[in-house]
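Residues in the sequence shown are numbered consecutively from 1, following the UniProt record's numbering.
The beta-carbon is built from N, C-alpha and C at its ideal position, and this holds for glycine as well.
Small disclaimer: the values here were computed from a predicted structure and weren't measured.
First the structure, in the form of structure tokens, and then the observations on it.
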Amino acid sequence: ATSNALPINPTPTIPNGPKVDIMKAPSEVQAKSVGEVVLSWNTELESRTNFFKSKAKSLAEWDRHILKNRHQLMALQVDLGKASTSQDRLERQLDILQVHQKQISDALNVMEAEAEHLSRSPQHSAAVGSQTSSSQETLYSLAESISAHLSSLGDALHGIVPSNTDGEEELNRAAETSAPNNTFPSEVLKAHLQTLHSIEQKISHASAALR
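So this is what it looks like as structure tokens:
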């Protein structure tokens, strides 16, 4: 009888193929216990955490510095806007002053001419007397017109001085950042006051001529 049993090879053969390298532990954990490895990792993590906190603190300080500068810049922009508004209002008021001064100056020129003509005219004839009376009426009318213009000019000056005082702080702050050749409006006001003094002198001369 024949046997159907498979032959048994007492020495199994290992198939040929690529060799598999055995994974080795990192050098920093070799010859160390688990506790030592965990402690080393915790120390490194704490060091990196402290470094991150230091950088985060520096960034936070820079952020506060930027916000502070931004608030200062916004405040400066508000001050510049107020100064610009005050400057525009002052320039408009100065234009009004110039108009009044021109009207007063023109009226004074006519008044001086009439007064000079009146002082040189003879006083004995009736026709001349009528002409003199007409000239005097013209002078009185001019004097009333000048008085009205002076009153308007005084009101304009009364309105311009408080505005200049209220906006002085804003204008001074704006002057620190503006060009150095900008002149403060007070110089213009000084020139207007000098013109008013000249007008008063002309009025005195005209009044003397009427006498």
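By the 10 Å Cβ neighbour count, where 16 or more other Cβ atoms means buried, how is residue i classified, buried or exposed?
{"i": "His149", "result": "buried"}
{"i": "Leu97", "result": "buried"}
{"i": "Leu118", "result": "buried"}
{"i": "Gln72", "result": "exposed"}
{"i": "Leu108", "result": "buried"}
Report yes if the CB atom of residue i is closer than 8 Å to the CB atom of residue j, and no otherwise.
{"i": "Leu153", "j": "Met111", "result": "no"}
{"i": "Glu114", "j": "Thr138", "result": "yes"}
What residue from the options has the CA that sits closest to residue i's CA?
{"i": "Lys102", "options": "Lys57, Ser145, Ile66", "result": "Ser145"}
{"i": "Ser151", "options": "Leu139, Ile104, Leu108", "result": "Ile104"}
{"i": "Ala156", "options": "Glu91, Glu114, Ala115, Asn109", "result": "Glu91"}
Pull up the distance between the alpha-carbon of residue i and that of residue j, whole angstroms please.
{"i": "Val38", "j": "Glu46", "result": "12 Å"}
{"i": "Val99", "j": "Trp62", "result": "55 Å"}
{"i": "Arg120", "j": "Gln136", "result": "13 Å"}
{"i": "Asn50", "j": "Glu36", "result": "21 Å"}
{"i": "Tyr140", "j": "Leu80", "result": "49 Å"}
{"i": "Asn164", "j": "Ala83", "result": "Confidence at Asn164 is low in this model, with a pLDDT of 47, below 50, so its placement is unreliable and no value can be given for it."}
{"i": "Ser33", "j": "His65", "result": "49 Å"}
{"i": "Met74", "j": "Arg89", "result": "23 Å"}
{"i": "Lys57", "j": "Arg48", "result": "14 Å"}
{"i": "Ser178", "j": "Gln93", "result": "Confidence at Ser178 is low in this model, with a pLDDT of 47, below 50, so its placement is unreliable and no value can be given for it."}
{"i": "His124", "j": "Asp95", "result": "Below a pLDDT of 50, predicted positions are generally treated as unreliable, and His124, at 44, falls in that range; no measurement from the model is reported."}
{"i": "Gln77", "j": "Ser54", "result": "35 Å"}
{"i": "Thr43", "j": "Lys68", "result": "38 Å"}
{"i": "Ser147", "j": "Gln87", "result": "29 Å"}
{"i": "Asp106", "j": "Ser134", "result": "20 Å"}
{"i": "Phe52", "j": "Ala60", "result": "12 Å"}
{"i": "Ser40", "j": "Ala31", "result": "13 Å"}
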